[in-house]
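S.K.: Let me give you the structure first, and then I'll get to my questions.
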């Protein structure tokens, strides 16, 4: 009976010891998300196709980050864009400009671009926008692409 109690106490201690790290991380993650969401600018880090086109036409140096898959990129992209598929973004941060340089992310319709923008902002990039409606929004305006 005594051995059973010792075993039970040891089992409870192990269970409590392994549960602490998981619960300790929850407030940290929640704090990071809260800080990100509360700091969103009025434009929600977005840029419309006509505004981007005007800035590019004015000669502004903007790093265009196409986060679509390579096969999508091969079918057409905005001139000057660099293709880094979203799933490989963190592994390719060395291909990005300095953290304060203007970056515009885009994908097909805006979803992956928004994810990439969020990730880059959380990684400390301070001048990142997502192209609203992605490449579809760009081409709907009649703006050119390269194949």
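In our numbering, the protein residues as written are 1210 to 1356.
All C-beta atoms, glycine included, are put in the ideal place defined by N, C-alpha and C.
A quick note: this is a predicted structure, and the numbers were derived from the prediction, not measured.
#1: Give me the residue from 1317, 1356, 1342, 1338 with the minimum Cα distance to residue 1156.
#2: Taking DSSP as the reference, what is the three-state secondary structure of residue 1338?
#3: Would residue 1318 and residue 1284 be called neighbours here (beta carbons separated by less than 9 Å)?
#4: Looking at the structure shown, is residue 1273 part of a helix, part of a strand, or coil, going by DSSP?
#5: Any idea if residue 1322 is buried or exposed, counting beta-carbon neighbours within 10 angstroms, 16 or more meaning buried?
#6: What is the DSSP secondary structure of residue 1217, counted as helix, strand or coil?
#7: Do the CB positions of residue 1273 and residue 1299 come within less than 9 Å of each other?
M.R.: Considering the structure as presented:
#1: Any answer about residue 1156 is impossible in this case: the structure gives the chain only from 1210 up to 1356.
#2: strand
#3: no
#4: strand
#5: buried
#6: Unreliable positioning characterises residue 1217 in this predicted model, as indicated by a pLDDT of 49, which lies under 50. The coordinate reading is nonetheless provided below. Residue 1217 falls in the helix class under three-state DSSP.
#7: no
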